[in-house]
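A.B. asks:
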Amino acid sequence: MGAPFHHPKNPDAMRPEIFAFEFMRHAVAASLLASVACGIIGTYVVVKRIGFISGGIAHTAFGGIGLGYYLGINPLLGVIPFSLFAALAIGLLSKKAKVAEDTAIGAFWAVGMAVGVIFIGLTPGYAPNLFSYLFGNILTVPPDDLWLIFFLDVLIVLLVWLFSKEFLAISVDEEYAEVSGVNTTGFYLLLLCLIALTVVILVRVVGIVMVIALLTIPAAIARTFSRSLPGMMALASLLSAFFSLAGLWLSWQLDIASGATIIVVAGVAFMLVETGKLLRISLLNR
Amino acid sequence: MNRVIVDCEHLSVVLDGSRVLDNLTLQVCEGDFLGIVGPNGGGKTTLLRVILGLQKPSEGTVTVFDKAPGQSPRRTGYVPQHLVFDRDFPISVRDMVLMGRLSGKKPLQQYSKSDRERVDEALETVGMSALKSRRIGVLSGGELQRTLIARALAGDPELLLLDEPTASVDPVMKTSIYDLLDRLKKQLSIVLVTHDIGTISRHVSRVICLNCSMVVRENPLATPSGSDIQKSYPYDVDLLLHHGGSLSSPEKS
């Protein structure tokens, strides 16, 4: 498993060659498109501290991949309803019912994965590319999925632009937003749905298991250097694009898994920035 | 008699099985500057939350501007006790105050130039104009409080509700916040929850002491021995009556 790619390599002419393949152009396009949603929605995930919820939505979405295999459709199309359902259910359970949020998330997380495993078990024959949905394989993104990612990007950007003042208000001071007449529960659920759609996009790039890293790391780094939410979104998108492309290039060079490499590149950058901050603080306090 | 803005009749609130407010009857009229003092857990913040529509009463009726609480967001300004927020949040003072204009906006409507102008005026009123581009996380306690007051004022409210605006503020800043409220009380009605029993006496027009187990008396003179206690206070004290019937003053609670 794992769709191992053994590329014909010529170390002397690597740069021209890397774009010679159609799958590589698709991979670059997918990276750039995913980075848009990733930076915008990741910013809300970080400032609103809902990383764990986002992880829950992503893992529950595995049920949708199983459903996709079972129905014989594009698994990504199975992920959309499943992750939206997970977003609404986790959001409503933690807001309305008296279930502790982490309990609700934990339950959905595991049950979603379990449902996925059962569906795949019920599907006759072998489940091709299952590994790539769990851990991502950006080198196998078909043109149809690129269009799907593009469409979801447009939807996310449009909704965030239309409701930017409400999303800002519930992020910075939810109680004040409520007092101002904003339907805070409604906008919170909408935000969780946008996270769910971003998960769909990122499944192709880094896979379900590692979605949470791309939703949090670029935005967390961007927060250190930003003075406004739109600025943080732009910087997070740029960082996400950089990590994706750098990881892609590195994985090509070293012939290792692309999704995992992207995450490691992002993680190393995050640690460097945080170490830099710590050093700066300790130097200033000396 | 001025128009009644907030009308609580026999209000009770039960939170997690304990009675936080009990049979409270209270009115706030136009032009009032009402101070609410009382012990921690006495229900002061809960009363504000009921008026704002954030907390449903368990018993009794409450109207704000003749409507159910929370139905008049444009006419009500709120300054919360401490802003539960992340100091790393990337937002400037000006954008924070712009949130005060939110109640006057429909969904899909963006902030306009006149909204931003009103924000600048509110920042001017509280003396925060010089710091308006600062990130909110670098402000001192007093600067943050004035920002939150500016946010409430930016929405042009008729009723301003403040929950302990001087709790985490140094004495100089405390005085300047009270001076600010003194100026504001000419334009709008104010309800102020505070611990500064001594300080507010010089500023407010009425004080009530709130403890869930006490009844707030709207008219102290109706109580036979009330006038004696009234004499010992330079300001208009509402007397409190235990359920048992014995009188106590705000300072004792």
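One line per chain: the protein sequences are A and B, in this order.
Numbering-wise (the numbering used here), the first sequence opens with residue 65 and increments by one.
Numbering-wise (the numbering used here), the second sequence opens with residue 893 and increments by one.
Note that the Cβ used here is the ideal one computed from N, Cα and C, for glycine as well.
Helix, strand or coil: how does DSSP classify residue 919(B) here?
C.D. replies: Residue state, collapsed to three classes: strand.
A.B. asks: Measuring only between beta-carbons, confirm whether residue 978(B) sits less than 9 Å from chain A.
C.D. replies: It does: the Cβ of residue 978(B) has a partner Cβ on chain A nearer than 9 Å.
A.B. asks: With a threshold of 8 Å (Cβ to nearest heavy atom), would residue 942(B) be considered close to the ligand MG?
C.D. replies: The ligand content of the structure shown is nil, which means the ligand MG is not present either.
A.B. asks: Specify whether the stretch 106 to 120 of chain A and the stretch 252 to 264 of chain A touch according to this definition: at least 3 beta carbon pairs, one from each stretch, less than 8 Å apart.
C.D. replies: The answer is yes - the stretch 252 to 264 of chain A touches the stretch 106 to 120 of chain A, with three or more Cβ pairs under 8 Å.
A.B. asks: Taking Cβ positions only, does residue 913(B) come closer than 9 Å to chain A?
C.D. replies: Residue 913(B) does not count as touching chain A.
A.B. asks: Taking 9 Å as the cut-off, decide whether the C-beta atoms of residue 1058(B) and residue 1088(B) are in contact.
C.D. replies: yes
A.B. asks: Is DSSP giving residue 172(A) helix, strand or coil here?
C.D. replies: helix
A.B. asks: Only counting runs of 4 or more residues, tell me where the alpha helix (DSSP H) segments fall wholly within the stretch 181 to 256 of chain A, in order along the chain.
C.D. replies: 194 to 199, 207 to 226, 228 to 236, 238 to 243
A.B. asks: Entirely within the stretch 930 to 963 of chain B and at least 4 residues each: give me those alpha helix (DSSP H) ranges in chain order.
C.D. replies: 936 to 944
A.B. asks: Skipping 5 residues on each side, what residues in its chain have a beta carbon closer than 7 Å to that of residue 126(A)?
C.D. replies: 176, 177, 180, 272
A.B. asks: Name the residue from 338(A), 187(A), 276(A) whose alpha carbon lies nearest to the alpha carbon of residue 199(A).
C.D. replies: Among 338(A), 187(A), 276(A), the Cα nearest to that of residue 199(A) belongs to 276(A).
A.B. asks: With DSSP run on the structure shown, which of helix, strand or coil describes residue 970(B)?
C.D. replies: Looking at residue 970(B) - three-state DSSP - the assignment turns out to be strand.
A.B. asks: Name the one or two DSSP bridge partners that residue 1100(B) has.
C.D. replies: 928(B)
A.B. asks: Which partner residues does residue 268(A) have in the DSSP bridge list?
C.D. replies: Beta-bridge pairing links residue 268(A) to no other residue.
A.B. asks: By a C-beta neighbour count over all protein chains shown, 10 Å radius and 16 as the cutoff for buried, is residue 335(A) buried or exposed?
C.D. replies: exposed
A.B. asks: Report the option in 925(B), 902(B), 922(B) whose CA atom is closest to the CA atom of residue 915(B).
C.D. replies: In terms of CA proximity to residue 915(B), 902(B) leads the group 925(B), 902(B), 922(B).
A.B. asks: Does the beta-carbon distance from residue 992(B) to residue 1047(B) come in below 9 Å?
C.D. replies: yes
A.B. asks: Answer yes or no: do residue 1015(B) and residue 989(B) have a C-beta to C-beta separation smaller than 9 Å?
C.D. replies: yes
A.B. asks: Mind checking the stretch 997 to 1012 of chain B against chain A and listing, in chain order, the residues whose C-beta falls within less than 9 Å of any C-beta there?
C.D. replies: Close to chain A, meaning a Cβ-Cβ distance shorter than 9 Å, are the following residues of the stretch 997 to 1012 of chain B: 997, 999, 1000, 1001, 1002, 1003.
A.B. asks: Only counting the same chain, and skipping five residues up and downstream in sequence, which positions put a Cβ closer than 7 Å to that of residue 310(A)?
C.D. replies: 329
A.B. asks: I'd like to know if residue 897(B) contacts chain A, where contact means its C-beta is closer than 9 Å to some C-beta of that chain.
C.D. replies: no
A.B. asks: What residues in the stretch 1014 to 1037 of chain B bring their beta carbon closer than 7 Å to a beta carbon of chain A?
C.D. replies: 1027
A.B. asks: For residue 229(A) versus residue 970(B), is the C-beta spacing smaller than 9 Å?
C.D. replies: no
A.B. asks: Smallest Cα separation from residue 209(A): which of 255(A), 143(A), 343(A), 283(A)?
C.D. replies: 143(A)
A.B. asks: Taking the Cβ atom as the reference point for each residue, do residue 1079(B) and residue 1060(B) lie within a distance shorter than 9 Å?
C.D. replies: No.
A.B. asks: Under the three-state reduction of DSSP, which class applies to residue 1054(B): helix, strand or coil?
C.D. replies: strand
A.B. asks: Can you grab the Cα-Cα spacing for the pair residue 327(A) / residue 188(A), in whole Å?
C.D. replies: 33 Å
A.B. asks: Could you tell me whether any Cβ in chain B is nearer than 9 Å to the Cβ of residue 347(A)?
C.D. replies: Cβ-Cβ to chain B under 9 Å: no for residue 347(A).
A.B. asks: Determine the chain B residues that contact residue 287(A) at a beta-carbon separation under 7 Å, and present them in chain order.
C.D. replies: Correct list: 980, 982.
A.B. asks: Hey, how far is the Cα of residue 164(A) from the Cα of residue 158(A)?
C.D. replies: In this structure, the straight-line span from the alpha carbon of residue 164(A) to that of residue 158(A) is close to 6 Å.
A.B. asks: In angstroms, rounded to a whole number, what distance separates the CA positions of residue 153(A) and residue 145(A)?
C.D. replies: 12 Å
A.B. asks: Anything in chain B within Cβ reach of residue 233(A), meaning under 7 Å, just list it in chain order.
C.D. replies: Per Cβ cutoff of 7 Å: 991, 994.
A.B. asks: Between which two residues does the beta strand (DSSP E) harbouring residue 1084(B) extend?
C.D. replies: 1081 to 1085
A.B. asks: In chain B, what lies closer than 9 Å to residue 158(A) by C-beta?
C.D. replies: The contacting residues do not exist; residue 158(A) stays about 17 Å from chain B at best.
A.B. asks: Could you spell out where the alpha helix (DSSP H) holding residue 90(A) opens and where it closes?
C.D. replies: 86 to 111
A.B. asks: Considering only DSSP beta bridges, list what residue 984(B) is partnered with.
C.D. replies: 1027(B)
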